[in-house]
Amino acid sequence: MGKKGKREKKGKGAEKTAAKMERKVSRRAKKEEEDLEALIAEFQTLDAKKTQVIETSCPPPSPRLNGSLSAHPEKDELILFGGEYFNGQKTYLYNELYIYNIRKNSWTKVEIPNPPPRRCAHQAAVVPTAGGQLWVFGGEFASPSGEQFYHYKDLWVLHLATKTWEQIKASGGPCGRSGHRMVACKRQLIIFGGFHESVRDYIYYNDVYAFNLDSFTWSKLAPSGVGPAPRSGCQMATTPEGSIVIYGGYSKQRVKKDVDKGTLHTDMFLLKAEGSGKEEDKWVWSRLNPSGVKPTPRSGFSVAAGPNNRSLLFGGVHDEEEEESIEGDFFNDIYFYDIGKNRWFPGQLKVPKSGKKKRRRGRRAEADSAGDDEVEKQAPQGPVEIVKEVVAEDGTVMTIKQVIAGPADEKERSESEEEEEEDGALGLQVEPCPRSNAMLAVKHGVLYVYGGMFEVGDRQFTLSDLYSIDLHRMEEWKVLVEIDPKTQEWLEESESDEEEDDMEGAEGGEEEEESSEDDSEDEGGEEQHPSVQPDEKHADYLSRTEQHWIKVARSNMGPDAKDKKVVKVAHAMAKAFYEDSI
Numbered sequence: 010m011g012k013k014g015k016r017e018k019k020g021k022g023a024e025k026t027a028a029k030m031e032r033k034v035s036r037r038a039k040k041e042e043e044d045l046e047a048l049i050a051e052f053q054t055l056d057a058k059k060t061q062v063i064e065t066s067c068p069p070p071s072p073r074l075n076g077s078l079s080a081h082p083e084k085d086e087l088i089l090f091g092g093e094y095f096n097g098q099k100t101y102l103y104n105e106l107y108i109y110n111i112r113k114n115s116w117t118k119v120e121i122p123n124p125p126p127r128r129c130a131h132q133a134a135v136v137p138t139a140g141g142q143l144w145v146f147g148g149e150f151a152s153p154s155g156e157q158f159y160h161y162k163d164l165w166v167l168h169l170a171t172k173t174w175e176q177i178k179a180s181g182g183p184c185g186r187s188g189h190r191m192v193a194c195k196r197q198l199i200i201f202g203g204f205h206e207s208v209r210d211y212i213y214y215n216d217v218y219a220f221n222l223d224s225f226t227w228s229k230l231a232p233s234g235v236g237p238a239p240r241s242g243c244q245m246a247t248t249p250e251g252s253i254v255i256y257g258g259y260s261k262q263r264v265k266k267d268v269d270k271g272t273l274h275t276d277m278f279l280l281k282a283e284g285s286g287k288e289e290d291k292w293v294w295s296r297l298n299p300s301g302v303k304p305t306p307r308s309g310f311s312v313a314a315g316p317n318n319r320s321l322l323f324g325g326v327h328d329e330e331e332e333e334s335i336e337g338d339f340f341n342d343i344y345f346y347d348i349g350k351n352r353w354f355p356g357q358l359k360v361p362k363s364g365k366k367k368r369r370r371g372r373r374a375e376a377d378s379a380g381d382d383e384v385e386k387q388a389p390q391g392p393v394e395i396v397k398e399v400v401a402e403d404g405t406v407m408t409i410k411q412v413i414a415g416p417a418d419e420k421e422r423s424e425s426e427e428e429e430e431e432d433g434a435l436g437l438q439v440e441p442c443p444r445s446n447a448m449l450a451v452k453h454g455v456l457y458v459y460g461g462m463f464e465v466g467d468r469q470f471t472l473s474d475l476y477s478i479d480l481h482r483m484e485e486w487k488v489l490v491e492i493d494p495k496t497q498e499w500l501e502e503s504e505s506d507e508e509e510d511d512m513e514g515a516e517g518g519e520e521e522e523e524s525s526e527d528d529s530e531d532e533g534g535e536e537q538h539p540s541v542q543p544d545e546k547h548a549d550y551l552s553r554t555e556q557h558w559i560k561v562a563r564s565n566m567g568p569d570a571k572d573k574k575v576v577k578v579a580h581a582m583a584k585a586f587y588e589d590s591i
C-alpha cells in the first residue's frame, strides 16, 4: 500500500475513533443535561415574564469572565453579554446585556424580553445588517456546584435597531459545545472547534460549519488537506479575501485512568475557499509558517480583529501541570499577527516622540564614530534583562528582573514594525494586571479589555475593570473602570453551611455582593498589610498594579513563601517604583 493509501486508512480510523467517543460522551451527558434543562427552563420562565424593553443607567457590571464584548457596527458602543463568576463555592451564569457608551464612559443595562438562556464560553459576532445584528452561538451552562454542564447548540440574533432577541431554528448545525470560535465572513458565520464535557468524559472538535446569513441554513464544510487537531480556545481571524486563519488553542487527552494531559497548541493554519467564498466552494486546509516573534505557548488568551489587516491576542495563562496541582503563569501582553505579511510581532508601548527623536539622533552619532563591532554590541538581538534591587522594610532584599523583548533580525523588518517593536518604553506604565479569559473589542482602532481572571494559590480573582489602548499609537493604557475591591469575594468550602440553592447560584449574585461587602473590606483591610500606609496617589497606583507586583514577588521568593510576606514585599516594591517615578 502506498503512502497516500496509508494516510487515508489512518484518517478513517481516527474518524471512527472520534465518532465512537462522541457517542459515548453523548450518552453519559444526556442524563446530566436533562437535569440542567429543567433548571434552564425555570430561568426561561422567569425571563418570559418580561414584556417590554427596559434600559437603566447602572454601575459597571459585576466581575465575570468568558462573556462576549462586541463593538456596535454603527454607534460608539460596546455590547457585553453573558459570562460566569465563581466565588469558591458557587458558579454564577449570566444572560444580562450591558451597553458601554464609549464617549460618556457610562454603562446601561438593557433588559429585553425572551433573551437567550444564561451562558458562558459562547461566541458572538456582529454584522452591519439592518442597523446592526449581534449573533450568538453555543456556550455552556453549569450547575452551581460547577460539576455538571449543559452545552448549547442554539443560534440567536439580537437586532440592535429594534432591541429584540430572536432564536434562529435551522437544522444541520454543530452539536452542543463551548470554547469554539466564530467569525463573520462574506455573509456567513464560520464556526470551528470547541469541546463538549460531561462529568467523566470530554471530546474536542476540529470540524467547520458555515451558517448562511441570507438563506439562514447550516452547512458542514469538508475541507481537503491536513487541518488543525481538535482544540478549543484558538485564535480565529478572517483575511480580506475570505480565508480563515487558525492559531493555537488547547486540548487534553486521557493518558491513563483519571489522569489527563493538556496540550498547548502553537501551530497555525489557513482555511481557504477555492472560488468566491460560496457554500458550494471547495475549502482547503494548509499549514502556515509565519515569521517574526510568535506568542509564547498559552491558553485562555483573548482575541480581536485589529486595524491595518492585523489580528491580535491578549493575555492568557501557561499552566505548569503537576500530578496533584496546576500552577499558572498569567500574561498581560499583546501580540499582533500581520495577515498580509504572515508575520507575528509583540505589541510594546512606545516612548513619547520627543524622547524617540533624541534617542535616534544619539544612535546615529554613535554609529558614525564607532566601528562595526561596537555597533553590534549596541544592538543586541536577544531579550534585554533589566535588574533592580528593592529593600523591603523588614530588610528583605528583592531582585526584580524585567525582560524586554529585543529587536528581531533587521533585514526582515519594515520601518513600521521597527517603530512598534523597538521603541518600547521602559518607564513606569499603568497596564492591566495579567489575566486569562478576558473580553476584548476593538472600535475605531482602540482596544478595550474587560474583566477576566487570575489565580493566586488556590484562590481565583475575577475582574470587572476596563482598560483601553490606542492600537495606532501604542503609547499608554487608559483606566476606564478600576477594580472595585468590594466586588472581590472568595468563600472557602469550610466556611459554608453547604446549602444548595440552585436558583440563587445560577442566577448571579447582586444581593450576595452587597452582603459580602463587609467581608471583602476585612480581607483587603489595613490589618492584613500593616507595613503599608500609602498616600492617596500611591494607593491609587497600588490598587491598579498590586497583582502585577504580587506576581513579581512570588516569582522571586519562590512557591514556598508565605502569602502574607509575598504581599508585604510586593507592596514594598510597588512603593519603591512609585517613588522613583515621581
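If you're matching positions, the sequence shown starts at 10 in the numbering used here and goes up one per residue. Glycine included, C-beta positions come from ideal geometry on N, C-alpha and C.
Three-state class that DSSP yields for His-580 in the structure shown: Within the sequence shown, numbered from 1, the residue matching residue 580 stands at position 571. The answer is helix: DSSP assigns His-580 an H, G or I state.
Where does Ser-79 land, buried or exposed, given buried means 16+ other C-beta within 10 angstroms? Here residue 79 is taken as the residue at index 70 of the sequence shown, counted from 1. With 16 or more other Cβ atoms within 10 Å, it is buried.
From the DSSP output, in three-state form, read off Val-360 for me. Your numbering for residue 360 matches position 351 in the sequence shown. Note: Val-360 maps to coil in three-state DSSP.
Inter-residue spacing [alpha-carbon to alpha-carbon] between Cys-194 and Phe-201: Along the sequence shown, read from residue 1 onward, the residue named residue 194 stands at position 185. Along the sequence shown, read from residue 1 onward, the residue named residue 201 stands at position 192. Cα to Cα, the separation comes out at about 13 Å.
Could you tell me which residues DSSP pairs with Leu-472 in its beta bridges? Within the sequence shown, the letter at position 463 stands for residue 472. Bridge partners of Leu-472: Gly-461.
Kindly list the residues whose CB is nearer than 7 Å to the CB of Arg-319, restricted to its own chain and excluding five residues on each side of it in sequence; keep chain order. To locate residue 319, count along the sequence shown from 1; it is residue 310. Excluding residues within five positions, the ones whose Cβ falls inside 7 Å are Phe-345, Tyr-346, Asp-347, Ile-348.
Spatial neighbours of Val-264 within its chain, please: CB distance less than 7 Å, with the 5 preceding and 5 following residues excluded, ordered by chain position. Counting from one through the sequence shown, the residue named residue 264 turns up at place 255. If we look at Val-264 and ignore the five residues flanking it on each side, its Cβ neighbours are Lys-270.
Reducing DSSP to helix, strand and coil, say where Met-407 ends up. Sequence index remark: in the sequence shown, residue 407 carries index 398 (1-based). In this predicted model, Met-407 has a pLDDT of only 41, less than 50, meaning its place in the structure is not dependable enough to derive any value.
What residue from Asp-467, Leu-102, Phe-225 has the CA that sits closest to Phe-52's CA? Locating residue 52 in the sequence shown gives position 43, where the first residue counts as 1. The option with the nearest alpha carbon to Phe-52 is Leu-102.
Is it true that the CB of Lys-172 sits closer than 8 Å to the CB of Ile-121? To locate residue 121, count along the sequence shown from 1; it is residue 112. To locate residue 172, count along the sequence shown from 1; it is residue 163. Yes, Cβ-Cβ distance for Ile-121 and Lys-172 is below 8 Å.
What do you get for Glu-105, buried or exposed, if any count of 16 or more other CB atoms within 10 angstroms of its CB means buried? If you number the sequence shown from 1, residue 105 lands on position 96. Burial call: buried.
Measuring straight from C-alpha to C-alpha, what distance separates Gly-454 and Pro-237? The residue given as residue 454 occupies position 445 in the sequence shown. The residue given as residue 237 occupies position 228 in the sequence shown. Their Cα atoms are separated by approximately 30 Å.
Host beta strand (DSSP E) of Lys-452 (start-end): Working through the sequence shown from its first residue, we reach residue 452 at position 443. Unbroken beta strand (DSSP E) run through Lys-452: 448–452.
For Leu-164, count the other beta carbons within 10 Å of its own beta carbon; 16 or more makes it buried, fewer makes it exposed. Which is it? Within the sequence shown, the letter at position 155 stands for residue 164. Result: buried.
Straight-line Cα distance separating Val-312 from Gly-324: Residue numbering aside, residue 324 sits at position 315 when the sequence shown is read from its first letter. Residue numbering aside, residue 312 sits at position 303 when the sequence shown is read from its first letter. If I take the Cα positions, the gap works out to 9 Å.
Per DSSP, which one or two residues make a beta bridge with Thr-173? Within the sequence shown, the letter at position 164 stands for residue 173. Paired residue(s): His-168.
By DSSP, does Trp-558 sit in helix, in strand, or in coil? If you number the sequence shown from 1, residue 558 lands on position 549. Of the three classes helix, strand and coil, the one that applies to Trp-558 here is helix, per DSSP.
Give a yes or no on whether 8 Å exceeds the smallest Cβ distance from Tyr-459 to chain C. Annotation note: the requested chain C is absent from the structure, which comprises a single protein chain.
Taking all protein chains shown into account, decide if Ala-583 is buried (16 or more other Cβ within 10 angstroms of its Cβ) or exposed. The residue you call residue 583 lines up with position 574 of the sequence shown. That one is buried.
For the stretch 173–189 against the stretch 248–256, do three or more pairs of beta-carbon atoms, one drawn from each stretch, fall closer than 8 Å, so that the two count as touching? no
Are the beta-carbon atoms belonging to Phe-339 and Ser-445 less than 8 Å from one another? As a working mapping, residue 339 is identified with position 330 in the sequence shown. As a working mapping, residue 445 is identified with position 436 in the sequence shown. Against a cut-off of 8 Å, the Cβ pair of Ser-445 and Phe-339 comes out as a contact.
Nearest to Glu-329 by CA position, among Ser-552, Leu-143, Trp-486, Leu-273, is which residue? If you number the sequence shown from 1, residue 329 lands on position 320. Comparing Cα positions, the closest option is Leu-273.
Beta-bridge pairing of Thr-54 - partner residues as DSSP gives them: Reading the sequence shown from its first residue, position 45 is the one you call residue 54. According to DSSP, which records beta bridges pairwise, Thr-54 is partnered with nothing at all.
Would a C-beta distance cut-off of 8 Å place Leu-143 and Ala-130 closer than the cut-off? Counting from 1 along the sequence shown, the entry for residue 143 is found at position 134. Counting from 1 along the sequence shown, the entry for residue 130 is found at position 121. No, Cβ-Cβ distance for Leu-143 and Ala-130 is not below 8 Å.
So what's Pro-153 in DSSP terms, helix, strand or just coil? Position 144 of the sequence shown holds residue 153. Three-state DSSP puts Pro-153 in coil, outside helix and strand.
At the level of alpha carbons, what is the spacing between Glu-83 and Tyr-109? Locating residue 83 in the sequence shown gives position 74, counting from the first residue. Locating residue 109 in the sequence shown gives position 100, counting from the first residue. If I take the Cα positions, the gap works out to 14 Å.
For Asn-215 and Pro-232, what's the separation of their Cα atoms in angstroms? Position 206 of the sequence shown, counted from the first residue, corresponds to residue 215. Position 223 of the sequence shown, counted from the first residue, corresponds to residue 232. Each residue's Cα considered, the two are about 11 Å apart.
Rounded to whole angstroms, what is the Cα-Cα separation between Gly-461 and Ser-152? If you number the sequence shown from 1, residue 461 lands on position 452. If you number the sequence shown from 1, residue 152 lands on position 143. C-alpha separation (whole angstroms): 20 Å.
Which first and last residues belong to the beta strand (DSSP E) in which Phe-310 is found? Numbered from its first residue, the sequence shown carries residue 310 at position 301. Per DSSP, Phe-310 belongs to no beta strand (DSSP E) and is neither H nor E.
Look up Ser-77 in the DSSP assignment and say whether it is helix, strand or coil. One-based indexing of the sequence shown puts residue 77 at position 68. DSSP places Ser-77 in strand when its eight states are reduced to three.
If you draw a straight line from the alpha carbon of Glu-283 to that of Val-293, how long is it in whole angstroms? As a position in the sequence shown, residue 283 is number 274, starting the count at 1. As a position in the sequence shown, residue 293 is number 284, starting the count at 1. One C-alpha to the other measures close to 7 Å.
Distance between beta carbons of Phe-463 and Gln-556, contact taken as under 8 Å: Mapped onto the sequence shown, residue 556 falls at position 547. Mapped onto the sequence shown, residue 463 falls at position 454. About 6 Å separates the two Cβ atoms, so the contact holds.
Excluding the five sequence neighbours on either side, which residues of its own chain have a C-beta within less than 6 Å of the C-beta of Ile-492, listed in chain order? Sequence index remark: in the sequence shown, residue 492 carries index 483 (1-based). Taken in chain order, the residues that qualify are Asp-474.
Going by Cα to Cα distance, which pick from Ser-552, Asp-467, Val-458 is closest to Arg-73? Taking the first residue of the sequence shown as position 1, residue 73 is located at position 64. Ranking the options by Cα distance to Arg-73, first place goes to Val-458.
Where Asp-572 sits in the DSSP three-state scheme: Walking along the sequence shown from the start, residue 572 turns up at place 563. In this structure, Asp-572 counts as helix in the three-state DSSP scheme.
What residues are listed by DSSP as bridge partners for Val-254? Numbered from its first residue, the sequence shown carries residue 254 at position 245. Note: Val-254 sits in a beta bridge opposite Ala-246, Leu-279.
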